[in-house]
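**Q** Protein chains in written order, with this note's numbering: chain A, 1 to 107; chain B, 1001 to 1240.
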Amino acid sequence: MDEKLAFLTICGMGVVTYLPRLLPMLLLSNRSLSPWITRWLNFVPATVLAALLAPGLLCQDGTLSLNLDNSFLLAAIPTFFVAWRFKSFFGTVAAGMGLMALGRYFF
Amino acid sequence: MKKLIDLLPKGKNTQFWNGVRQALPIVLGYIPVGFAYGVLAQKNGLGMFNAVAMSVIVFAGSSQLIGAGLFGAAVSPFTLIFTTFVVNLRHLLMSAALAPKLKGWKKWQIALFGYELTDETFALHTMRMARRAPPKIETFAVNITAQSSWVVGSLLGYLAGGQLTDIRPIGLDFALPAMFIALLVPQIVKPVYLMMALLAAGLSVTLYLLGFSQSHVIVATMVAATIGVGVEQWMKNSPS
Chain A
1 MDEKLAFLTI CGMGVVTYLP RLLPMLLLSN RSLSPWITRW LNFVPATVLA
51 ALLAPGLLCQ DGTLSLNLDN SFLLAAIPTF FVAWRFKSFF GTVAAGMGLM
101 ALGRYFF
Chain B
1001 MKKLIDLLPK GKNTQFWNGV RQALPIVLGY IPVGFAYGVL AQKNGLGMFN
1051 AVAMSVIVFA GSSQLIGAGL FGAAVSPFTL IFTTFVVNLR HLLMSAALAP
1101 KLKGWKKWQI ALFGYELTDE TFALHTMRMA RRAPPKIETF AVNITAQSSW
1151 VVGSLLGYLA GGQLTDIRPI GLDFALPAMF IALLVPQIVK PVYLMMALLA
1201 AGLSVTLYLL GFSQSHVIVA TMVAATIGVG VEQWMKNSPS
């Protein structure tokens, strides 16, 4: 694909990414939602983040990988602990990456 | 960190720098993940202008990583755009979830804010806006800082792409999971949220393994949120 067509394709990717980001907040922000909808939406942060995270930790190469060879799963355990215990975003991201680097260095 | 903030001028400037500071954990994750994207884009033959343009125009991590791979595989523009659409459709839910917090915002402000809504900025704003309405300057500073770091990371990765063969030894590939963990844990404020997060995780993995590797996140989220509302109602009604 030449660079010009690639750029136009990227613009198209931008449009289809932007609309789902924009439309719900544009249409719903000044409207009062039913308590049911609000309750449903309150579940979104925890469930969407869990759904995004889980396959990366539990699967390798398209198959379930619940063993000691799965470095992501091993590094995730102390990372979860740091997040829960110290409640620091920055500390958690730094600890996670640091643990992964250390783990690779030593094993 | 406290001292650094004290040195800065007060007023709107302070609000701006507060936003920058709040975005730092995202920066720590975005530089390496953006870097990984940049390396991938370079290796898949995208030009530097287009590789960086994607980070400015699309600004969505997982879809850009997939997109870079698809450019390399020389698929049609339609396939690229459609795949991006499906992968990023989950933002519909996040956008709707933040909508009640944007009461009274002007349309152009929402248009700007929505442009930089990612998994990570969404999670951060959810927490920032949970109890109070933070200053808009602070909110935009969070977004601008996050996207700038993403663009810078992409560019650095692209420039390093020629020299690098593997980014794994320095733990960079764990930046994204680490960021999700950091953002997920503080969202678990009630036992029922923990239950539904576990359910969403299980569903997402199952769908992913069954081959629904583009729609697994949005389907798992919608099913778990729906069951969550039911469970919450049931717990309320049943005497405990």
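Glycine residues also receive a C-beta, built at the ideal position from the N, C-alpha and C atoms.
Just how far apart, CA to CA, sit A/Phe23 and B/Ala1097?
**A** The question names Phe, but residue 23 of chain A is Leu in the sequence shown. C-alpha separation (whole angstroms): 12 Å.
**Q** Does the structure place the segment 1084 to 1092 of chain B close enough to the segment 28 to 36 of chain A that three or more beta carbon pairs sit under 8 Å?
**A** Contact fails: fewer than three Cβ-Cβ distances are below 8 Å.
**Q** Mapping DSSP to helix, strand and coil, what is A/Thr17?
**A** Here A/Thr17 sits in helix by DSSP.
**Q** For B/Tyr1037, count the other beta carbons within 10 Å of its own beta carbon; 16 or more makes it buried, fewer makes it exposed. Which is it?
**A** So B/Tyr1037 ends up on the buried side.
**Q** Compare the beta carbon distance of B/Tyr1158 and B/Met1054 with 7 Å and say whether it is the shorter of the two.
**A** Not a contact, by the Cβ cut-off of 7 Å.
**Q** Taking B/Gln1163 as the reference, give the member of B/Lys1043, B/Asn1143, B/Leu1124 and B/Leu1203 with the closest Cα.
**A** Checking every option, the nearest Cα to that of B/Gln1163 belongs to B/Lys1043.
**Q** May I ask you to report which of helix, strand or coil DSSP gives B/Gln1233?
**A** If DSSP states are grouped into helix, strand and coil, B/Gln1233 belongs with the helices.
**Q** Of all the CB atoms in chain B, is at least one closer than 7 Å to the CB of A/Pro78?
**A** Not one chain B Cβ lies under 7 Å of A/Pro78.
**Q** Take B/Ser1204 as the anchor and find which of A/Leu57, A/Trp84, A/Leu33 and A/Arg85 has the nearest alpha-carbon.
**A** For the residues A/Leu57, A/Trp84, A/Leu33 and A/Arg85, the minimum Cα distance to B/Ser1204 belongs to A/Leu57.
**Q** Strictly under 7 Å for the Cβ-Cβ distance: is A/Ser65 near chain B by that measure?
**A** False, the Cβ-Cβ gap to chain B never drops below 7 Å.
**Q** Report the three-state DSSP secondary structure of B/Thr1118 (helix, strand or coil).
**A** Coil at B/Thr1118, not helix or strand.
**Q** Check whether the segment 85 to 92 of chain A and the segment 1090 to 1109 of chain B touch, using three or more Cβ-Cβ pairs below 8 Å as the test.
**A** As far as the Cβ criterion goes, the segment 85 to 92 of chain A does not touch the segment 1090 to 1109 of chain B, which means the pair count is below three.
**Q** Which chain B residues sit within Cβ distance under 7 Å of A/Ser29?
**A** Here the neighbours are Ala1099, Leu1102, Lys1103, Trp1105 and Ile1110.
**Q** Please name the residue, chosen from A/Ala83, A/Pro45 and A/Leu99, that lies closest to B/Ile1181 on a Cα-to-Cα basis.
**A** Checked all of A/Ala83, A/Pro45 and A/Leu99; the closest Cα to B/Ile1181 is A/Ala83.
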